[in-house]
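A.B. asks: All residue numbers for the sequence shown refer to the working numbering, where the first residue is 2 and numbers rise by one. Beta carbons are placed, not taken as given, at the ideal position from N, Cα and C, and that holds for glycine.
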Amino acid sequence: MTNRHDLERHRESLSDIRNIMNSMKTLAYMENRKLARFLTSQHAVTRSIEAVAADLLAHFPGILPQEHSEQDVLLVVGTERGFCGSFNHKLAARVQDMDKEDNYRPFLVTIGHKLLTPLADHPRLEATLTGAAVSEEIPSLLTGLVDRLMELQKTHGVMTLSCLFHTDPDTIALRKLIPPFRDIPPREPDKLGPPLIHESPEALLTRLSEQYLLAELQEIFSTSLNAENLNRVTHLDMAVKKLDEKAEDMVRRLNALRQEEIIEEIEVILLNASHVGEEPGGARKPKTKARQ
2 MTNRHDLERH
12 RESLSDIRNI
22 MNSMKTLAYM
32 ENRKLARFLT
42 SQHAVTRSIE
52 AVAADLLAHF
62 PGILPQEHSE
72 QDVLLVVGTE
82 RGFCGSFNHK
92 LAARVQDMDK
102 EDNYRPFLVT
112 IGHKLLTPLA
122 DHPRLEATLT
132 GAAVSEEIPS
142 LLTGLVDRLM
152 ELQKTHGVMT
162 LSCLFHTDPD
172 TIALRKLIPP
182 FRDIPPREPD
192 KLGPPLIHES
202 PEALLTRLSE
212 QYLLAELQEI
222 FSTSLNAENL
232 NRVTHLDMAV
242 KKLDEKAEDM
252 VRRLNALRQE
262 EIIEEIEVIL
272 LNASHVGEEP
282 GGARKPKTKA
292 RQ
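Below, the structure written as structure tokens:
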């Protein structure tokens, strides 16, 4: 009886855990739906800035400054929360592969508490920031990151900035952010002539660079958070299925134990019934005849 009651309590605990995980999966799915709408508009903003910069550089090709830096910085975007499988360990493995390159020794700036588990002891870890658990936290993350990068620049001088992040659960991308616009293919200026601008081309390019950096970081953080939640949905879905399988197995065991208890109860009843009418010595009481 005690064993069956223990199993019943365990099954109820598993049911509670299953409900919590299923709720987390639903929240992750809802966050993905929200991010999908946001990413469409954010991608359009980034491409629009690139188009303006490409047009400006086509007419003023000499305004792009020469690439010169004193320190490379690698931004690695992990997760603030768990339940997302090997998301952070894949990033750490990619960082280890990059460490094998002879001419690339960047400082690391990590984002997300869970990323510290595999990268806490990295020799060039310079800073770590709290990641965004939901899309509403991305603006504050951007503000904190920009402040931290400015501090690093004051300490180490001019720097390049690259970002390592997930574009989907199984794909990791490396994007160069500073200096900007280096990957824009050169093109011939259009026949309409140079764009009408109210400041020098260099000043306009500087302002575009600032806007482009913020837009790209916003897109990167949103893309990474979307991939994180996709990973979380898959991970939690597998966990829920395993809990369901375990619960079904426990129900079968509970039914078997209950059947054993019923059989034991029947045996006791039959045993007691067989003793009815017997005298203490085991002999049966004599039947009395009815009086005539």
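Pick out whichever of Glu-138, Arg-125, Ala-133 has its Cα sitting closest to the Cα of Pro-107.
C.D. replies: The option with the nearest alpha carbon to Pro-107 is Arg-125.
A.B. asks: DSSP three-state call for Arg-176: helix, strand or coil?
C.D. replies: Reduced to three states, the DSSP call for Arg-176 is strand.
A.B. asks: Extract the residue ranges of the beta strand (DSSP E) inside the segment 134-215, only unbroken runs of 3 or more that lie entirely within it.
C.D. replies: Listed in chain order, the complete beta strand (DSSP E) runs (minimum 3 residues) inside the segment 134-215 are 160-169, 172-179.
A.B. asks: Who are the near neighbours of Ala-291 in its chain, counting only those whose CB is closer than 8 Å to its CB and skipping five residues on each side?
C.D. replies: In this prediction, Ala-291 scores a pLDDT of 49, lower than 50, which makes its location untrustworthy; the coordinate-derived value is nonetheless stated afterwards. Around Ala-291: no qualifying Cβ.
A.B. asks: Ignore the nearest five residues each way along the sequence and tell me which others in Ala-248's own chain have a CB closer than 8 Å to its CB.
C.D. replies: Cβ within range, chain order: Arg-12, Leu-15, Ser-16, Arg-19.
A.B. asks: Secondary structure at Gln-67, three-state DSSP: helix, strand or coil?
C.D. replies: Residue state, collapsed to three classes: coil.
A.B. asks: Can you check whether the CB of Leu-130 is closer than 8 Å to the CB of Asp-116?
C.D. replies: The sequence as given places Leu at residue 116; Asp does not occur at that position. No.
A.B. asks: How many Å lie between Ser-24 and Met-31 at the Cα?
C.D. replies: Approximately 11 Å between the Cα atoms of the pair.
A.B. asks: Could you tell me the alpha carbon to alpha carbon distance between Val-77 and Glu-261, rounded to whole angstroms?
C.D. replies: Computed Cα separation, rounded: 58 Å.
A.B. asks: Since Thr-118 is in the alpha helix (DSSP H), which residue starts that stretch and which ends it?
C.D. replies: Run containing Thr-118: 117-120, per the alpha helix (DSSP H) assignment.
A.B. asks: Where does Gln-293 fall in DSSP's three states?
C.D. replies: For Gln-293, the predicted model reports a pLDDT of 46, less than 50, meaning its position is unreliable; a value from the coordinates is still stated below. Here Gln-293 sits in coil by DSSP.
A.B. asks: Please state whether DSSP places Thr-80 in a helix, a strand or coil.
C.D. replies: Three-state result, Thr-80: coil.
A.B. asks: What does the alpha-carbon distance come out to for the pair Arg-10 and Leu-272?
C.D. replies: Near 32 Å, if we compare the C-alpha coordinates of Leu-272 and Arg-10.
A.B. asks: Using 8 Å for Cβ pairs, my map puts Thr-209 next to Ile-50. What's the rounded Cβ distance?
C.D. replies: Position check: residue 209 holds Leu in this sequence, whereas Thr was assumed. The Cβ separation is near 6 Å, so the contact holds.
A.B. asks: From what residue to what residue does the alpha helix (DSSP H) around Phe-108 run?
C.D. replies: Phe-108 -> not in any alpha helix (DSSP H); beta strand (DSSP E) instead, spanning 108-112.
A.B. asks: With DSSP collapsed to three states, give me the class of Thr-131.
C.D. replies: Looking at Thr-131 - three-state DSSP - the assignment turns out to be coil, as it is neither helix nor strand.
A.B. asks: What number of angstroms, rounded off, separates the C-alpha of Pro-351 from the C-alpha of Thr-168?
C.D. replies: Past the edges of the chain, shown from 2 to 293, lies residue 351, and the structure says nothing about it.
A.B. asks: Are Glu-127 and Leu-153 close, meaning C-beta to C-beta below 8 Å?
C.D. replies: Cβ distance < 8 Å, so Glu-127 and Leu-153 count as in contact.
A.B. asks: Alpha carbons only, please: which of Phe-88, Glu-266, Glu-217, His-114 is nearest the one belonging to Cys-164?
C.D. replies: Nearest of Phe-88, Glu-266, Glu-217, His-114 to Cys-164, Cα basis: Glu-217.
A.B. asks: Tell me the rounded alpha-carbon separation between Ile-221 and Phe-166.
C.D. replies: Cα to Cα, Ile-221 sits roughly 7 Å from Phe-166.
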